[in-house]
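Residue numbers (my numbering), protein chains in the order written: chain A, 496 to 889; chain B, 906 to 1053.
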Amino acid sequence: MAFLDNVAGTKPDSRVVDKMLPFITEHYGNPSAHFYPLGRESFEAVQEARKNVAALIGAEEEEVIFTSCGTESNNLAVKGVLKHNDCKKKHVIISEIEHFSVQNPLISFMNDGYEITKLRVADNGLINLEDLKKAIRPDTALVSVMLGNPEIGTVQYNEEIGRICKEKGVLYHIDAVDGAGHIEIDVNKLNCDLLSLASQNFYGPRGAAALYIRKGTKVASLMQGGHQEFGYRSGSENVAAIVGMGEAAKIAKEEMHIYSAEMQRLGKRLWEGLANMFDFLHFTGHPDRRLPGHVSFWIEFIEGESLLMWLALKGIYAASGSACSSNILAEDEEDLQASPVLTAVGVPDDVCAGSITFSLSRYTTDEDVDKVLEELPGIVTRLCEMSPAYNRGN
Amino acid sequence: MAKGPYSEKVMDHFMNPRNMGEIDGANAVGEVGNPACGDVMKIFLDIDDAGIVKDVKFKTFGCGAAIASSSMATELIKGKRVEEILALTNQAIVDALGGLPPAKIHCSVMAEEAIEEALKDFYIRKGEDPAIVQKMKEEIKSAATGGN
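Right, dumping it as structure tokens:
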């Protein structure tokens, strides 16, 4: 099996799992129970994890808030800033390729009179920094532009974006869910005030994520209750998952330069093999400023779901942004939608475009890449033979 | 292995599509597209003087359900008379496939429509009014529900 859908979540590192298990079986104490050892152990384990996550991104320990997933971190960042009592500004700037968990929380604010500016991206997926400068207004509360895009791989000029925001005195949030644990991150270098990261994207478990909140940044809590997570996020901590995230962060800090280089090498091999395969295969995203081991493209004449299904039958697991494959559990065809990210970077309106994303991991091997390069030509040829669109083009 | 979103029959027709291709001397060709998802389905028929479908082929640009629907539709109409294939509903295709996810029902509708378009083309080529197809379909439908 070649698992090449790592943007959907990586395989947890076995060292992470080993570290977590006792916190399900024996160390089940609630971290808020400080006055007996069982609780205190859990508290200390969470603090240890916080230290490791902080170290991964160059933050202070008390600037790291644990949440349950990347979506929650993004929600806390965006809504938390806007909902804070001291925030009187009603304008937000995002890129048009932000994750749904940044875009959708803003919908209700728009209904309440807030204005959202969505920065266009070029076909390589990058926003234009001049556009950003022009878009910032006196009433701009927040800029949210992601690190790496999971669908097209493009990595933004976050440092420059952060510098512009800092100069203009606007808060800057980075959705770093794709990129954290693979690319060096230093919140001070990036000049950001908020940064989201999720454990499952760097060999940790699902169920733990974090939001970095720079000291002094005013963020309202979205969940009220006890005093957990410095009051930003009430609720009993998911200790085992947090411990796992901490361990994953520690391992990432020590080893990412090794595995990211290897992922980059394998990604380049895959990219070059695909480039020579069909002249009707088109890569998406930026050729160089990319997430390590991320290869994305679309193929003319054939549809993404059919491609995905054939790849899966051959033991290759990937992702697609085609409308047909978007929401198989929907009750109605109206709920099928092509990826807005792909249409933003100029993939034609033919909303079922045969888009594929291969996202590699530290466990990807040369054999996995060989397998894709061996199997894909046959699959594409087969689907082309079946396609009325292909005949017409030739 | 965990079951996917599609039935075994759908997977079978997706992996081994029946009657895939084109008919060079087809005397009825129908093509439909779905604006909702960009799918395109094309059906080729060879209908003899007695009004029997001697041969049928399809080409489809689309998802697993679209490919399986067109493949199953060709199986259901091969060797049948024009009156019989007009009676073929998308529900019959869905049933023959062992069901489709709700979001994919439109793929079976496309197959029914592609056949209808092909029959219109058949009558146009014969110099007849293609409206007869719609009329015949309505008659078949009202006959089917006439007992109620």
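Beta carbons: idealized from backbone N, C-alpha and C, even for Gly.
Worksheet item: Mind checking if A/Glu826 is an interface residue toward chain B, Cβ cutoff 8 Å exclusive?
Response: yes
Worksheet item: Since B/Ala1008 meets chain A, which of its residues come closer than 8 Å, beta carbon to beta carbon?
Response: Asn822, Ile823, Leu824, Ala825, Glu826, Asp827, Glu828, Asp830 and Leu831
Practice prompt. Select from A/Lys583, A/Thr612 and A/Asn569 the residue whose C-alpha is nearest the C-alpha of A/His594.
Written response: A/Asn569
Practice prompt. Measure from the alpha carbon of A/Lys506 to the alpha carbon of each residue in A/Val875, A/Tyr858 and A/Glu767, then state which is nearest.
Written response: A/Tyr858
Worksheet item: For B/Lys947, which beta-bridge partners are listed by DSSP?
Response: B/Glu936 and B/Lys964
Worksheet item: Three-state secondary structure (DSSP) at A/Val541?
Response: helix
Worksheet item: So the alpha helix (DSSP H) B/Lys983 belongs to, where does it begin and stop?
Response: Here B/Lys983 belongs to no alpha helix (DSSP H), and DSSP marks it neither H nor E.
Item to complete: Using alpha carbons as the reference points, say which of A/Trp805, A/Ile811, A/Thr860 and A/Ala839 lies closest to A/Thr876.
Response: A/Trp805
Worksheet item: Based on the DSSP secondary-structure assignment, which residues constitute the bridge partners of A/Leu689?
Response: A/His668 and A/Ile708
Discussion item. Buried or exposed for A/Arg445, going by 16 or more other Cβ atoms inside 10 Å?
Written reply: In the structure displayed, chain A extends from 496 to 889; residue 445 of chain A sits before or after that span and is not available.
Worksheet item: For A/His677, does the three-state DSSP call read helix, strand or coil?
Response: strand
Practice prompt. Consider the Cβ of A/Met758: report whether some Cβ of chain B lies at a distance smaller than 8 Å.
Written response: Interface annotation, A/Met758: not in contact with chain B, CB-CB separation never under 8 Å.
Worksheet entry | Any C-beta of chain A under 8 Å from that of B/Lys983 | No, its Cβ sits nowhere closer than 8 Å to a Cβ of chain A.
Fill in: Between the CA atoms of A/Cys582 and A/Glu610 - distance to the nearest angstrom
14 Å
Worksheet item: Are the CB atoms of A/Gly657 and A/Arg785 nearer to each other than 8 Å?
Response: no
Worksheet entry | Segment limits, alpha helix (DSSP H) that includes A/Ile794 | Secondary structure note for A/Ile794: it is in no alpha helix (DSSP H), and the uninterrupted beta strand (DSSP E) holding it is His789 to Glu798.
Discussion item. Which complete beta strand (DSSP E) runs does the stretch 797-869 of chain A hold, if anything under 3 residues is left out?
Written reply: You should have 848-854.
Worksheet item: Along the chain, where does the alpha helix (DSSP H) that runs through A/Ile560 open and close?
Response: Per DSSP, A/Ile560 belongs to no alpha helix (DSSP H); it is in the beta strand (DSSP E), Val559 to Thr562.
Worksheet item: Which word fits B/Gln996, buried or exposed, when buried means at least 16 other C-beta atoms lie within 10 angstroms of its C-beta?
Response: exposed
Worksheet item: Do three or more CB pairs link the stretch 610-629 of chain A to the stretch 753-769 of chain A at distances below 8 Å?
Response: no
Practice prompt. Indicate the three-state DSSP secondary structure (helix, strand or coil) for B/Ser1013 in the structure shown.
Written response: helix
Discussion item. If we define contact as Cβ-Cβ less than 8 Å, is A/Ser882 a contact residue for chain B?
Written reply: yes
Worksheet item: Looking at chain B, which residues of the stretch 776-801 of chain A have a Cβ within less than 9 Å of any of its Cβ atoms?
Response: Phe796, Ile797, Glu798, Gly799, Glu800 and Ser801
Practice prompt. Mind the definition here: the stretch 768-779 of chain A touches the stretch 865-881 of chain A only if three or more C-beta pairs lie below 8 Å; say whether that holds.
Written response: yes
Discussion item. DSSP three-state label for A/Lys628, please.
Written reply: helix
Worksheet item: At a CB-CB cut-off below 7 Å, which residues of chain A make contact with B/Val945?
Response: Here the neighbours are Pro883 and Ala884.
Practice prompt. Between the Cα of A/Ala744 and those of A/His677, A/Ile602 and A/Lys710, spot the shortest distance and give me the residue it belongs to.
Written response: Looking at the Cα atoms, A/His677 is the closest of the given residues.
Worksheet item: Roughly how many whole angstroms lie between the Cα atoms of A/Thr566 and B/Asp951?
Response: 55 Å
Discussion item. Can you check whether the C-beta of B/Lys964 is within less than 8 Å of a C-beta belonging to chain A?
Written reply: yes
Worksheet item: Between the Cα of A/Gly816 and the Cα atoms of A/Ile823, A/Glu826 and A/Gly799, which residue gives the shortest distance?
Response: A/Gly799
Practice prompt. Confirm the yes/no value for this check: CB of B/Gly1003, any heavy atom of the ligand FAD, distance under 7 Å.
Written response: For the structure depicted, the ligand FAD is absent and the ligand set is empty, with no information on it obtainable.
Worksheet item: Taking the alpha-carbon positions, what's the A/Asn580 to A/Ser596 distance?
Response: 22 Å
Discussion item. Is there a C-beta anywhere in chain B that falls below 8 Å from the one on A/Leu871?
Written reply: no
Fill in: Spatial distance of A/Met718 from A/Gly730 (CA atoms)
8 Å
Discussion item. Alpha carbons only, please: which of A/Ser856, A/Ile552 and A/Phe498 is nearest the one belonging to A/Leu685?
Written reply: A/Ile552
Discussion item. Using 8 Å as the threshold, is the C-beta distance between A/Gly699 and A/Asp673 below it?
Written reply: no
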